[in-house]
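What follows is a short report on a single structure.
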Amino acid sequence: MQKLIIFLFFLLNCICVYSQNISREFRQDTACVEQKVRDMLNQDDSTYGMHQANKTLEAEYDKLLNKYYKILYNKLDNNGKKAFQQAQRQWIKFRDSEKELIGEVFQNTYNEMGGGTIWGVIYGNFAAQITRERVFVLYNYLISDNLTSDEQ
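For what it's worth, this note's numbering labels the leading residue of the sequence shown as 7, then goes sequentially.
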C-alpha cells in the first residue's frame, strides 16, 4: 500500500511538472505572437499596417497550431490519433467556411455602410481569431489530466 501511495505521489508530481512546463511554453509562445503584432501596429497603424498585422497574427497562430497539434498528436494512442486527425480535418473545413461567412457578412456591411477600408481590417482580425481560438482549444486538450501523464 505504501509503495502505491509513493507511486501515485510520483505520478502526480510528473503530471504537475509537465503541465507547468507546457503551460509556461504556451504562455511564452502566445505572448511572442501578440507582442510581434503589437510591435507591427506601433510601427505602422495605417490600414495597410493593420492588414499586415492581421496576416501576421493568423500566420503566427497557424505555426503554433501546427506545433501544438504535433505535441498533442504524439500524446495520443492510435485511436486517439485517428479521431484527432479527423477532427482537425473537419475543423479546417469549418475554418474555411467560417472565413467565407465572415467575408460575406462584412461585404454586406461594407455595402450597406457605403464602403470603408476598415471592414477589410475587421474581417482580417475575425479570420485570424478562428485560428487563435483553435490553438487555445488544442492547448486545453493537451493540459487535461488524462493526457499529461507522460513527460514530453
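No residue lacks a Cβ here, since even glycine has one placed at the ideal position from N, Cα and C.
The alpha helix (DSSP H) that contains residue i, what's its start and end?
{"i": "D68", "result": "53-81"}
{"i": "S150", "result": "Here S150 belongs to no alpha helix (DSSP H), and DSSP marks it neither H nor E."}
Pick helix, strand or coil for residue i, following the three-state DSSP scheme.
{"i": "T123", "result": "coil"}
{"i": "D50", "result": "coil"}
{"i": "V141", "result": "helix"}
Touch test, the stretch 140-150 against the stretch 62-73, Cβ-Cβ under 8 Å, three pairs minimum: yes
Given 8 Å, three or more beta-carbon pairs between the stretch 100-112 and the stretch 31-38: no
Cβ contact check for the stretch 69-86 and the stretch 108-127: 3 or more pairs under 8 Å: no
At least 3 beta-carbon pairs within less than 8 Å: the stretch 92-102 vs the stretch 117-132: no
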